[in-house]
Amino acid sequence: MAGVLPPEVEELFDAALVGELTVVGRKGRPITYPLIPLYDGQYVYLTSAVLFSKKLGHIKANPKVSISLSDPVAVPAANFARVTLQGDAEVIEDDTHEGWEELLPLWRAKEPVIDSFVKKRFAIPLFFERSIIRITPKRVLYWRGGDTEVDPQVFELEGVS
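Mapping the sequence shown onto the numbering used here, position 145 (from 1) lands on 145, and the numbers just tick up by one.
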């Protein structure tokens, strides 16, 4: 089954080790955080430790976010391009102890070292008190080859739920 994102964008999200999540801060200014994006064919997921996480509060106050893939080192795709995905985010914190574990298969596929951290979870417990950030994609800006000197190709995904 095809995902909600264009195939060339899906390839980038599948390869990306780091994406730049931008949220709207209390004073209306954008704030950007580097995080590992995980894509399941419908949503982009991120996780965040709950301790001292201002980004979670910002998302709850204003769910309009963007996530950009712009660094060729952090996005080791065969056909590098730059992408900015705009969407609506939701903080899922029903079970901060184990709820995020549903994302482990996606996380493990991208970063197998996570298993060594999971084994040490009792030694670093605050790292594993995590909320899930689920982004529903609404619009994608895509720069083939990463060339931002040209206008991006725009994909409107407003029908996505």
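Glycine included, C-beta positions come from ideal geometry on N, C-alpha and C.
Cβ-Cβ separation between W143 and P152: approximately 5 Å, consistent with a contact (criterion under 8 Å).
For the pair of segments examined, the stretch 68–87 was found not to touch the stretch 100–111: the number of CB pairs separated by less than 8 Å stays below three. The distance from the Cβ of I135 to that of T47 is about 12 Å, inconsistent with a contact at the 8 Å cut-off. Beta-bridge analysis with DSSP links F155 to V140.
The residue among V24, V73, S70, V50 with its C-alpha nearest the C-alpha of A61 is V24. G19: member of the beta strand (DSSP E) spanning 19–24, first to last residue. Distance between E102 and I59, taken at the CA atoms: about 21 Å. Annotation for V83: no alpha helix (DSSP H) segment contains it, though the beta strand (DSSP E) segment containing it runs 81–92.
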